[in-house]
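The structure appears below as structure tokens.
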Amino acid sequence: MSVAEELDKLKKMRDDRTITEEQYERAVAELDAERDEAQIRGRRRDRDDYDDEDREPRHPRRRDYDEEYEEELSPRELEKKSREWGLFLHLSLFAGHVIPFGGIIMPIIIWQTKKDELPKLDQHGKNAVNWIISSVLYLLICIPLAFVIVGIPLLIALGVLNIVFPIIAAVRANEGRVWRYPLSISFLS
1 MSVAEELDKL
11 KKMRDDRTIT
21 EEQYERAVAE
31 LDAERDEAQI
41 RGRRRDRDDY
51 DDEDREPRHP
61 RRRDYDEEYE
71 EELSPRELEK
81 KSREWGLFLH
91 LSLFAGHVIP
101 FGGIIMPIII
111 WQTKKDELPK
121 LDQHGKNAVN
131 WIISSVLYLL
141 ICIPLAFVIV
151 GIPLLIALGV
161 LNIVFPIIAA
171 VRANEGRVWR
181 YPLSISFLS
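If you read the sequence shown in the UniProt record's numbering, its first letter stands for residue 1, the second for the next number, and so on.
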């Protein structure tokens, strides 16, 4: 039975005094709520029918709807986003090779902007920041030792670890696992 037919039926029952005015208004409110819920389900279904690549620009009213329900991610989508952002966070340590201090700033920005939205990302961010701080401390220790020649192999080892560890952490993040950088000091727990 359609909503219009149900409304007509309710009006007739009210006119026949089968139901009170209060019962009529309550039933109409319930019908309106059901209709709104059905429209929302239809919009969600329509939104899910498109791949991100195939999406057309949205109607302004559709954009308002999407912003309202954007936080409602399924557990599978949430896990996928956590994996992707964890991967980006660990690989952003290499931004320092392109942008001065980018390897320090980028992971922190990603971590701070996404940690509330994606709870798993918080631990990835803490691990990455712990490694950044630890590697800077190790660098500060190795530089004076380089004058005594002992520090040169240590600097080379630190350089290799600064390449290998973020790659391993990114792979583990993409697998959905949190990986603690070995040799990192736990400043943030």
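Using N, Cα and C, we set each Cβ at its ideal position, and we do this for glycine too.
Computed from a prediction, not measured in an experiment: that's the story for all the values here.
Residue i versus residue j - alpha carbon distance
i: I163; j: P182; result: 13 Å
i: R14; j: Y24; result: 7 Å
i: D8; j: L121; result: 53 Å
i: I19; j: S74; result: 42 Å
i: K80; j: V150; result: 44 Å
i: P119; j: I133; result: 22 Å
i: E68; j: P144; result: In this prediction, E68 scores a pLDDT of 48, lower than 50, which makes its location untrustworthy; no coordinate-derived value is stated.
i: A29; j: K12; result: 17 Å
i: G176; j: E21; result: 57 Å
i: P166; j: D116; result: 22 Å
i: L137; j: S92; result: 20 Å
Secondary structure of residue i, DSSP reduced to three states
i: D66; result: Here D66 scores only 49 on pLDDT, less than 50, and its place in the model is too uncertain to base an answer on.
i: I19; result: coil
Host alpha helix (DSSP H) of residue i (start-end)
i: H97; result: H97 -> no alpha helix (DSSP H), and no H or E assigned at all.
i: L121; result: 119-146
i: W179; result: Careful: W179 lies outside any alpha helix (DSSP H) and carries neither H nor E.
i: I104; result: 102-114
i: E84; result: 75-91
i: I185; result: That residue, I185, is in no alpha helix (DSSP H); it is neither H nor E in DSSP.
i: I163; result: 151-174
TODO: Please confirm if the segment 144-161 is in contact with the segment 92-99, defined as three or more CB-CB distances below 8 Å between the two stretches.
DONE: Between the segment 144-161 and the segment 92-99, the count of C-beta pairs closer than 8 Å stays below three; the two stretches do not touch.
Task: the segment 30-37 in contact with the segment 1-17 per 3-pair CB rule at 8 Å - done: For the pair of segments examined, the segment 30-37 was found to touch the segment 1-17: the number of CB pairs separated by less than 8 Å reaches three.
Open item on the list: I'd like to know if the segment 80-98 and the segment 168-186 are in contact, where contact means that at least 3 CB-CB pairs between them fall below 8 Å.
Closed with: The segment 80-98 makes contact with the segment 168-186; the number of CB pairs closer than 8 Å reaches 3 or more.
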